[in-house]
Amino acid sequence: MPETNTPLNRDQIEAVVGEETAPDKLIVDDWHTHLLGPKAGPELSLHGIDQMLTYHYVRRKLFGAGHIDPDTFNSWDLEKQGDFTWQKLFLDAPSDAFDEGCRGVLVALEAFGLDPNATSLETARQFYADTPAEEIQRHCMELAGVRRIVGTQDVFNDQERAYYTDGDWDANYLSGFRLDELVLHYPRAVGKLNAWGYSVGTDPSETSTASEIRRFLSDWHGKLHDVVYGACSFPPNCQVHDLSTQEGAVLHHAVLPALRELKLPFFMMPGPIRQLKYKWQDAGDGVGLCDMFPYQQLLRHHSGNAFFITPLHNANQYDASVLTCHNDNVMAIGHWWFNYHPGLVEQDLKMRLEMTGDRFIAFNSDARVLENLIPKWRRFRQVLAKVMTDKYQDLHDTGRHVTREGIAKTLQTLFDPDRFNHIA
Ligand code: HDL
Ligand code: ZN
Numbered sequence: 011m012p013e014t015n016t017p018l019n020r021d022q023i024e025a026v027v028g029e030e031t032a033p034d035k036l037i038v039d040d041w042h043t044h045l046l047g048p049k050a051g052p053e054l055s056l057h058g059i060d061q062m063l064t065y066h067y068v069r070r071k072l073f074g075a076g077h078i079d080p081d082t083f084n085s086w087d088l089e090k091q092g093d094f095t096w097q098k099l100f101l102d103a104p105s106d107a108f109d110e111g112c113r114g115v116l117v118a119l120e121a122f123g124l125d126p127n128a129t130s131l132e133t134a135r136q137f138y139a140d141t142p143a144e145e146i147q148r149h150c151m152e153l154a155g156v157r158r159i160v161g162t163q164d165v166f167n168d169q170e171r172a173y174y175t176d177g178d179w180d181a182n183y184l185s186g187f188r189l190d191e192l193v194l195h196y197p198r199a200v201g202k203l204n205a206w207g208y209s210v211g212t213d214p215s216e217t218s219t220a221s222e223i224r225r226f227l228s229d230w231h232g233k234l235h236d237v238v239y240g241a242c243s244f245p246p247n248c249q250v251h252d253l254s255t256q257e258g259a260v261l262h263h264a265v266l267p268a269l270r271e272l273k274l275p276f277f278m279m280p281g282p283i284r285q286l287k288y289k290w291q292d293a294g295d296g297v298g299l300c301d302m303f304p305y306q307q308l309l310r311h312h313s314g315n316a317f318f319i320t321p322l323h324n325a326n327q328y329d330a331s332v333l334t335c336h337n338d339n340v341m342a343i344g345h346w347w348f349n350y351h352p353g354l355v356e357q358d359l360k361m362r363l364e365m366t367g368d369r370f371i372a373f374n375s376d377a378r379v380l381e382n383l384i385p386k387w388r389r390f391r392q393v394l395a396k397v398m399t400d401k402y403q404d405l406h407d408t409g410r411h412v413t414r415e416g417i418a419k420t421l422q423t424l425f426d427p428d429r430f431n432h433i434a
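For the sequence shown, the positions run 11 to 434 when the numbering used here is used.
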């Protein structure tokens with residue numbers, strides 16, 4: 011293969027892009043997950059065959075097909091849930107894992123040398139009983155090509171807060187300071203904030219209350235490990251720019267001033283509709299198309315803040331890319347949940363490249379179970395290699411020189427969150 015800065019022939023591009031997008035070359039940070047290291051304990055750090063099989067991307071298929079009522083399923087222990095799911099979705103015909111959730115289980119099993127056609131989970135469970143969790147984690151990160159993992163730190167969750175306060179942190183992880191409870195459920199948050207010694211009132215726009223909320227945010231920024239952003243999801247109709255709404259007031263008077271002072275971006279996730287099917291738990295959330303006007307206004311009113319945006323409704327991914335074109339303080343990021351499917355990821359990646367050049371973060375896994383990292387990143391790298399090959403061949407056809415060095419640099423840029431230098 012030619013030297014790194016030698017112009018490639020058109021027929022060399024595919025192989026070079028394939029090499030440069032591989033997990034042993036393109037090693038990146040996973041900028042949004044729900045993962046924690048094994049030191050957090052088995053309830054906060056999920057791994058193993060039964061956790062893979064009860065991941066809500068899989069569970070929703072079980073409930074959607076009417077194989078079991080959620081109340082009964084939720085009453086079972088984890089292994090019974092795993093056995094039932096394996097039988098219904100992987101053994102009983104038809105059991106073709108076209109969906110990314112079930113396919114992901116098979117990819118992870120194969121990656122660990124386990125049989126994706128096994129008639130029982132006994133061997134897989136024995137493997138996990140014999141393998142230290144840290145080894146599982148290391149293997150998942152290596153196969154996924156992930157250097158560090160940004161989690162979801164919700165300090166209003168009592169179990170999580172205890173770990174963040176007294177637990178032994180795993181240096182593979184960075185913190186995503188999650189603020190849904192504060193922003194979307196402020197009346198509920200008031201009680202906890204006061205119990206923790208922050209004298210907040212019911213009106214977040216009131217000067218002393220706003221100041222105390224900012225003090226809470228600053229204190230926990232110091233307690234959490236390596237916070238890289240503040241984050242919040244928003245229901246479809248949320249008027250984030252409107253100061254007459256509670257959400258708008260908390261953001262305007264407290265969250266955004268605090269993040270700006272801490273030089274942290276704000277990671278916005280518009281679109282989830284929570285608990286449409288309450289008994290399905292996290293498998294029962296839905297999606298709504300968002301009016302993006304509020305987000306346009308928020309970016310304008312807070313030009314000194316940096317923002318990431320990842321809409322859940324796929325049609326809003328277009329809006330997110332357009333926002334990037336007329337604002338220097340926002341970047342679109344990744345694909346998650348209901349828009350993390352190869353077909354949608356490919357169309358979004360092409361759209362972002364064609365509309366913005368490289369002004370986005372290409373992918374984050376949103377993984378909940380450690381093994382999710384393997385299929386999610388492997389699948390994305392397949393799409394990335396396909397799209398980037400097409401784009402570099404297209405560039406080559408313009409007469410432009412394409413080099414291995416240039417490809418590698420651009421790929422790293424697509425995962426570099428620190429591109430708001432003049433802001434955060
Ligand atoms: O709000 C979020 O961050 C979502 O990712 C939810 O946690 C959701 O349950 C999920 O895991 N989606 O992939
Ligand atoms: Zn998430």
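Each residue gets a CB set at the ideal place from its N, CA and C atoms; glycine is no exception.
- prompt: For V237, which option in T212, Y65, D376, L227 has the closest C-alpha, if you only look at C-alpha atoms?
  reply: As a working note, residue 237 is residue 227 in the sequence shown. It is L227.
message: Tell me the DSSP secondary structure of I159 in three-state form.
response: Walking along the sequence shown from the start, residue 159 turns up at place 149. Three-state DSSP puts I159 in a strand.
task: Would you list the residues whose beta-carbon is nearer than 5 Å to any heavy atom of the ligand HDL, in the order they occur in the chain?
output: Per the Cβ criterion, the list is S243, D292, W347, D376.
Beta-carbon proximity list for R171, same chain, < 6 Å, skipping 5 on both sides: Taking the first residue of the sequence shown as position 1, residue 171 is located at position 161. These residues qualify, in order along the chain: V165.
- request: With DSSP collapsed to three states, give me the class of Y65.
  value: Reading the sequence shown from its first residue, position 55 is the one you call residue 65. If DSSP states are grouped into helix, strand and coil, Y65 belongs with coil.
field: Inter-residue Cα distance where the pair is I223 and V210
entry: As a working note, residue 223 is residue 213 in the sequence shown. As a working note, residue 210 is residue 200 in the sequence shown. The straight-line gap from Cα to Cα measures roughly 7 Å.
- prompt: Where DSSP assigns a beta bridge to C242, which residues make up the other side?
  reply: Along the sequence shown, read from residue 1 onward, the residue named residue 242 stands at position 232. Its beta-bridge partners are M278.
message: For L358 and Q327, I'd like the C-alpha separation in whole angstroms.
response: Within the sequence shown, the letter at position 348 stands for residue 358. Within the sequence shown, the letter at position 317 stands for residue 327. Before going on, a small fix: residue 358 reads as Asp here, not Leu. The alpha-carbon atoms of D358 and Q327 are separated by roughly 7 Å.
- prompt: Is it right to say G114 is buried, meaning 16 or more other beta carbons lie within 10 angstroms of its own, or is it exposed?
  reply: Counting from one through the sequence shown, the residue named residue 114 turns up at place 104. With 16 or more other Cβ atoms within 10 Å, it is buried.
field: Proximity test, Cβ basis, 8 Å: R188 and chain D
entry: Protein chain content of the structure displayed is limited to a single chain, and chain D is not contained in it.
field: Local conformation of A424 per DSSP, three classes
entry: Numbered from 1 along the sequence shown, position 414 holds the residue referred to as residue 424. The residue asked about is misnamed: residue 424 is Leu in this sequence, not Ala. Three-state result, L424: coil.
- request: Following the continuous alpha helix (DSSP H) through R9, name the residue where it begins and the one where it ends.
  value: The question about residue 9 has no answer here: the residues shown for the chain are numbered 11 through 434.
task: From the DSSP output, in three-state form, read off A342 for me.
output: The residue given as residue 342 occupies position 332 in the sequence shown. Judged by DSSP in its simplified three-state form, A342 adopts strand.
- prompt: Any heavy atom of the ligand ZN within a distance shorter than 7 Å of the CB on T162?
  reply: One-based indexing of the sequence shown puts residue 162 at position 152. Checking every heavy atom of the ligand ZN against the Cβ of T162, one is found closer than 7 Å.
query: If you compare alpha carbons, which of Q306, V297, E29, D400 is closest to N349?
result: As a first step, residue 349 must be located in the sequence shown, where it is residue number 339. The residue from Q306, V297, E29, D400 with its alpha-carbon nearest to that of N349 is V297.
- request: Counting only the same chain and skipping the five closest in sequence on each side, list residues whose C-beta sits under 7 Å from that of T453.
  value: Outside the modelled stretch of the chain, which goes from 11 to 434, sits residue 453, for which no answer is possible.
query: If you draw a straight line from the C-alpha of A118 to the C-alpha of D125, how long is it?
result: Stepping through the sequence shown from its first residue, residue 118 is reached at position 108. Stepping through the sequence shown from its first residue, residue 125 is reached at position 115. Whole-angstrom Cα-Cα distance: 10 Å.
P280 to L322 span [Cα, whole Å]: Numbered from its first residue, the sequence shown carries residue 280 at position 270. Numbered from its first residue, the sequence shown carries residue 322 at position 312. When only Cα atoms are considered, P280 and L322 end up about 6 Å apart.
query: Can you tell me the Cα-Cα spacing of F244 and Q22, whole angstroms?
result: Your numbering for residue 244 matches position 234 in the sequence shown. Your numbering for residue 22 matches position 12 in the sequence shown. Here the alpha carbon of F244 sits roughly 45 Å from the alpha carbon of Q22.
message: Tell me which residues share the same chain as V26 and place their Cβ nearer than 8 Å to its Cβ, disregarding the 5 neighbours each side in the sequence.
response: For the purposes of this step, residue 26 is taken as the residue at position 16 of the sequence shown. Spatial neighbours of V26 in its own chain (CB-CB distance under 8 Å, excluding positions within 5 residues in sequence) are listed in chain order as M11, L18, R414, I417.
task: Have a look at G240 and V193 and give me their C-alpha separation to the nearest angstrom.
output: Position 230 of the sequence shown, counted from the first residue, corresponds to residue 240. Position 183 of the sequence shown, counted from the first residue, corresponds to residue 193. Their backbone Cα atoms lie some 11 Å apart in a straight line.
- prompt: Relative to the ligand ZN, is the shortest distance from any of its heavy atoms to the C-beta of H235 smaller than 7 Å?
  reply: Against the sequence shown, residue 235 aligns to sequence position 225. No - the ligand ZN has no heavy atom lying nearer than 7 Å to the Cβ of H235.
task: Quick one: grab the DSSP three-state call for Y183.
output: The sequence position of residue 183 within the sequence shown is 173, counting from 1. DSSP places Y183 in strand when its eight states are reduced to three.
query: Candidates P48, R158, T217: which alpha carbon is nearest A259's?
result: In the sequence shown, the residue the question calls residue 259 occupies position 249. Comparing alpha carbon positions, the residue from P48, R158, T217 closest to A259 is T217.
message: For a minimum of 4 consecutive residues, which ranges assigned as the alpha helix (DSSP H) are wholly contained in the stretch 162 to 242?
response: Fully enclosed alpha helix (DSSP H) runs of 4 or longer: 168 to 176, 190 to 194, 196 to 205, 217 to 233.
- prompt: With distances taken between CB atoms, is the gap from L131 to D81 smaller than 8 Å?
  reply: Numbered from 1 along the sequence shown, position 121 holds the residue referred to as residue 131. Numbered from 1 along the sequence shown, position 71 holds the residue referred to as residue 81. No, Cβ-Cβ distance for L131 and D81 is not below 8 Å.
field: Alpha-carbon spacing of D176 relative to L234, whole angstroms
entry: Residue numbering aside, residue 176 sits at position 166 when the sequence shown is read from its first letter. Residue numbering aside, residue 234 sits at position 224 when the sequence shown is read from its first letter. Each residue's Cα considered, the two are about 11 Å apart.
query: Taking the C-alpha atoms as reference points, what is the distance between M151 and T212?
result: Here residue 151 is taken as the residue at index 141 of the sequence shown, counted from 1. Here residue 212 is taken as the residue at index 202 of the sequence shown, counted from 1. Spanning the alpha carbons of M151 and T212 requires a straight line of approximately 44 Å.
Neighbourhood of R135 by C-beta, 8 Å cutoff - its chain only, sequence neighbours within 5 removed: Counted from its first residue, the sequence shown places residue 135 at position 125. Cβ neighbours of R135 beyond the five flanking positions: G58, I59, D60, E89.
query: With distances taken from CA atoms, which of R284, D229, Y173 is nearest H195?
result: Numbered from its first residue, the sequence shown carries residue 195 at position 185. Among R284, D229, Y173, the Cα nearest to that of H195 belongs to R284.
query: So V379 and P352 are in contact, right, with Cβ under 8 Å, and what is the actual spacing, rounded?
result: Sequence index remark: in the sequence shown, residue 379 carries index 369 (1-based). Sequence index remark: in the sequence shown, residue 352 carries index 342 (1-based). In this structure V379 does not touch P352 by the C-beta definition: roughly 20 Å separates them, more than the 8 Å allowed.
query: Would a C-beta distance cut-off of 8 Å place R270 and N339 closer than the cut-off?
result: Position 260 of the sequence shown, counting from 1, holds the residue named residue 270. Position 329 of the sequence shown, counting from 1, holds the residue named residue 339. Not closer than 8 Å, so no.
- prompt: Going by beta carbon distance, what residues of the same chain come within less than 7 Å of C300, once the five residues before and after it are set aside?
  reply: Counted from its first residue, the sequence shown places residue 300 at position 290. Around C300: P246, P280, G281, P321, H323, N326.
task: Could you tell me which of F137, N374, C112 sits nearest to F122, measuring between CA atoms?
output: Numbered from its first residue, the sequence shown carries residue 122 at position 112. Nearest C-alpha to F122: F137.
query: Do you know offhand how far K289's Cα is from A50's?
result: As a position in the sequence shown, residue 289 is number 279, starting the count at 1. As a position in the sequence shown, residue 50 is number 40, starting the count at 1. Distance between the alpha carbons of K289 and A50 is about 27 Å.
task: Please report the residue range of the alpha helix (DSSP H) in which V27 lies.
output: In the sequence shown, residue 27 corresponds to position 17, counting from 1. Residues 20 to 30.
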